[in-house]
Every structure is written in C-alpha cells, then in structure tokens.
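Undergrad: Have a look at this one.
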Ligand SMILES: [Cu+2]
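Numbering (my numbering), first residue to last: 259 to 398.
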C-alpha cells in the first residue's frame, strides 16, 4: 500500500466515523428516544392485514400527542407495508409487514391532527385499494 492509498483509506475511515457519530448522537432530534431509550408504550394498537384489507381497532385509532404508541402489525397472507401519512400526502413513517411476525414500531406523534394509513408495499393487484383516510386521530 503506497502513501496515497493509505491517505485515502484514512479519509474513508474518518468519513465513516464522522457520519456514525453524527447520526447516532442526540444531534438528530428524534434519536434521543428512538435509539438510546426503550420507551414503554403508553398505548398498543393492533393492525391486521389480510386479503388486501387493513383492519384497525373498532372505532378507529385515537392517541394523544407526545405519548408513545406501539403499532403491532400482522399479516395473514403476503407482505404489506404499514404507512402513516399527513393530510398533505407526506409520509410520517412506514414499516414492512411480514407474514408470520409481529411487526412493531413505536412512534410519538408530536403534531395533533388526522393521519391517513396506506399500504406502502406493493402486495398485488388490489394494493391501491389499501388506503384508510383519517385513520388516526392525534389529540393535543
Ligand atoms: Cu399493498
């Protein structure tokens, strides 16, 4: 290894370390609770996927802003996606829903409002029907 190769390797290692320090540190606002703490959920919301249908709890989902909500998504047939969207269509979060697993994600909504749910994984010809407007109400 000549000097230029060694210097390039040092640059790469430096960039690797810097990116990891930044992304794993509390500099990223949501990392504080997401990575280093394992918050106990204030509320657990089951979400069931089967035959191109998304089943939320009866009466819809109502949560409070800033509480930790754990969504537990299960699929009885194929792989789906569980995506939560703001009314303007921007995504809040999403995760894959694999059959045979309890797919869990804990989220803290910081903005009260109404959110839509749609499948974010192409699951078959009826995938575009997998949309529930105003599925989650977040109260102040
Ligand atoms: Cu789908």
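For glycine and all other residues, C-beta sits at the position ideal for the given N, C-alpha and C.
1. Helix, strand or coil for residue 361, going by three-state DSSP, please let me know.
2. What first and last residue would you give for the alpha helix (DSSP H) that runs through residue 261?
3. Does the beta-carbon of residue 388, which I'm using as the reference point, lie nearer than 8 Å to any heavy atom of ligand 1?
4. May I ask whether a heavy atom of ligand 1 can be found less than 8 Å away from the beta carbon of residue 379?
5. Suppose you measure from the CA of residue 297 to the CA of residue 264; what does that come to, to the nearest Å?
6. Using only CA atoms, which one of 370, 269, 266, 317 lies nearest to residue 343?
7. Tell me which same chain residues have a C-beta within less than 7 Å of the C-beta of residue 392, skipping the five on either side of it?
TA: Working from what's here:
1. For the purposes of this step, residue 361 is taken as residue 103 along the chain shown, with counting starting at 1. Here residue 361 sits in strand by DSSP.
2. As a position in the chain shown, residue 261 is number 3, starting the count at 1. Per DSSP, residue 261 belongs to the alpha helix (DSSP H) from 261-282.
3. Locating residue 388 in the chain shown gives position 130, where the first residue counts as 1. Yes, the Cβ of residue 388 comes within 8 Å of a heavy atom of ligand 1.
4. For this step, residue 379 is matched to residue 121 along the chain shown. Yes, the beta carbon of residue 379 sits closer than 8 Å to at least one heavy atom of ligand 1.
5. One-based indexing of the chain shown puts residue 297 at position 39. One-based indexing of the chain shown puts residue 264 at position 6. Approximately 43 Å between the Cα atoms of the pair.
6. Here residue 343 refers to the residue found at position 85 when the chain shown is read from its first residue. For the residues 370, 269, 266, 317, the minimum Cα distance to residue 343 belongs to 370.
7. Translated into the one-based positions of the chain shown, residue 392 becomes position 134. So the qualifying residues of the chain are 372, 374.
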